[in-house]
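Residue numbers (this note's numbering): 48 to 163.
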């Protein structure tokens, strides 16, 4: 359970992570699609994070910090999302659940700091 200070962070991240994971779920058929299609989509996303971080390393270094979190997220929760999709055929629900879970995972793994 995130501490109270992290709740706004999780909600702000959810604004982007929920639509992204719904789109990912539809594109990859939540684990029910072809493996190459899922790998191409997810590797393109990871490459875009790396490319963006390299372009503005001083301001966007945090993108490199979240890479391991996202890779682990895809391995663990992507597998579970595939199980849920094969059982229920509910692509939207899988994407919604994975988006909220990703927002929570990123929101609680970022360090909190106060600006000087």
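Note that the Cβ used here is the ideal one computed from N, Cα and C, for glycine as well.
Three-state secondary structure (DSSP) of residue i
i	result
residue 81	coil
residue 88	helix
residue 99	helix
residue 108	coil
residue 139	helix
residue 157	coil
Local Cβ density within 10 Å of residue i, reported as buried at 16 or more and exposed below that
i	result
residue 95	exposed
residue 105	exposed
Which runs of the alpha helix (DSSP H) spanning at least 4 residues fall entirely within the stretch 48-77, listed in chain order?
54-75
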